[in-house]
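Residue numbers (this note's numbering): 49 to 476.
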Ligand SMILES: NC(=O)c1ccc[n+]([C@@H]2O[C@H](COP(=O)([O-])OP(=O)(O)OC[C@H]3O[C@@H](n4cnc5c(N)ncnc54)[C@H](OP(=O)(O)O)[C@@H]3O)[C@@H](O)[C@H]2O)c1
């Protein structure tokens, strides 16, 4: 029996929107059961010469979708957690239209409200493209692992910061130089704040957390740290110690408590995600029956992201699933990074004189911190009489680490504020 054609309205023809049109032009949609009834684009666009675009009307402003009604599925590809994207998504759901979006900022901020409306009115809200672009991580959690209990999800969720960290080490260039290269190549936006300050990773992590642990993960619970101040020397020291520095998001359930962390950290080179380089994303999901599942792929970009968008459209049509079904099931306490228990990488810039190591060691002892490894380098500048000391620690409390660092940073032999990164061993 032929399925009734679903009418699609597309809002926003930018990077992802163009990818969507391209795939529909080249490969079709994988089935013949859709037609594009409307597209909203602020710029002039070329409509593919395909039958599914035969009756497409074009609007110059997506606000038109507040009045326009001839569609079953709204595909929102404008972005932003406010403004027109928010208006048309809420409006569509209220009008009992399905919604497919790539908008992580919107989904992350309004998770609770959007899912509530979608469930109440019985339409689908799909957002595969919002997390890790071309990796179907939402479907993995929402469908494939539905019979498992997930205990932890972690990974590299931002391609721009991964590209920067990878290229700094392989080309021996500073952060600012690689950021410029990334902007020229189109991997970073002219305002890179969301990517390099960890905000984009936090958006995606909050969605994964809400989905995996069937909760409402408020973005306010995630304190993101980024890579803006990363120094090439730390990537090199980490490398010589057997680690790579990676910008990660971690969401872990322990008992009734969820820990969400977003920061650059040292990851042992034999870990799955240490080998996810350049603009790639990689996600590990730990669950009780499948143990560790690892997914790697293009985390962004026009065509991989559009692939996710089309897969959501087809899911709505084929599965005829209604309602997002993402309901809060449990009340979890959201823990903060201040309560982290783990190991650390520290780089001290000190005077080169007796008493330095013992001064640091004394403060460590007072705070129950024990050293795991230490390397010392004389300053390259012969006149500076300085030294660099790199220490890794065994597991300790983050609070104790910061108490110790606050004291050490005030010691006379310290020449620059101590640099610290967390080390993630990802042991189950
Ligand atoms: N790019 C990626 O690789 C990627 C990956 C995953 C998820 N996403 C998400 O996908 C969404 C779209 O991202 P994108 O990279 O495609 O952004 P983009 O290139 O900036 O495209 C957004 C488009 O929406 C248009 N627009 C803005 N307001 C409009 C309005 N009132 N009416 C009609 N069109 C309007 C913009 O037009 P103007 O050009 O005139 O402003 C622009 O062409 C965002 O939520 C983003 O987070 C993107």
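In this text, a Cβ means the ideal position worked out from N, Cα and C, and glycines have one as well.
This structure is a prediction, so every number in the text was calculated from the model and none was measured.
Identify the residues that DSSP records as bridge partners of residue i: which are they?
i, result
"residue 392", "470"
"residue 345", "329"
"residue 111", "In the DSSP output, where bridge partners are listed per residue, residue 111 has none listed."
"residue 311", "296"
"residue 148", "123 and 174"
"residue 180", "Answer is none; residue 180 lacks a bridge partner."
"residue 301", "306"
"residue 397", "436 and 464"
"residue 334", "200 and 340"
"residue 57", "86 and 122"
"residue 316", "291"
"residue 189", "In DSSP, residue 189 forms no bridge with anything."
"residue 106", "87"
Kindly indicate the opening and closing residues of the beta strand (DSSP E) around residue i.
i, result
"residue 128", "Counting along the chain, residue 128 falls outside any beta strand (DSSP E), and DSSP gives it neither H nor E."
"residue 203", "198 to 204"
"residue 434", "434 to 441"
"residue 457", "Premise fails: residue 457 lies in the alpha helix (DSSP H), 446 to 457, not in any beta strand (DSSP E)."
"residue 421", "419 to 426"
"residue 226", "From DSSP, residue 226 is part of no beta strand (DSSP E) but of the alpha helix (DSSP H) over 223 to 232."
"residue 85", "82 to 88"
Go to residue i, then tell me how far its alpha helix (DSSP H) extends in each direction, as first and last residue.
i, result
"residue 171", "Run containing residue 171: none; DSSP gives neither H nor E here."
"residue 210", "207 to 219"
"residue 384", "Per DSSP, residue 384 belongs to no alpha helix (DSSP H) and is neither H nor E."
"residue 322", "Segment: none, residue 322 is in no alpha helix (DSSP H) and carries neither H nor E."
"residue 353", "350 to 367"
"residue 63", "63 to 74"
"residue 405", "404 to 414"
Would you say residue i touches ligand 1, meaning its beta carbon is less than 7 Å from a heavy atom?
i, result
"residue 152", "yes"
"residue 195", "no"
"residue 157", "no"
"residue 208", "no"
"residue 243", "no"
"residue 176", "no"
"residue 349", "yes"
"residue 403", "no"
"residue 491", "The question about residue 491 has no answer here: the residues shown for the chain are numbered 49 through 476."
"residue 104", "no"
"residue 63", "yes"
"residue 246", "no"
"residue 303", "no"
"residue 85", "no"
"residue 127", "yes"
"residue 91", "yes"
"residue 297", "no"
"residue 132", "yes"
"residue 407", "no"
"residue 234", "no"
"residue 345", "no"
"residue 203", "no"
"residue 353", "yes"
"residue 272", "no"
"residue 330", "no"
"residue 250", "no"
"residue 140", "no"
"residue 88", "yes"
"residue 76", "no"
"residue 290", "no"
"residue 434", "no"
"residue 390", "no"
"residue 170", "no"
Under the criterion of a Cβ to heavy atom distance below 7 Å, does residue i qualify as lining ligand 3?
i, result
"residue 110", "With respect to small molecules bound, the structure shown includes ligand 1 and not ligand 3."
Next on the checklist: List, from N- to C-terminal side, the alpha helix (DSSP H) runs of 4 residues or more that fit wholly inside the stretch 243 to 294.
Outcome noted: 247 to 260 and 280 to 288
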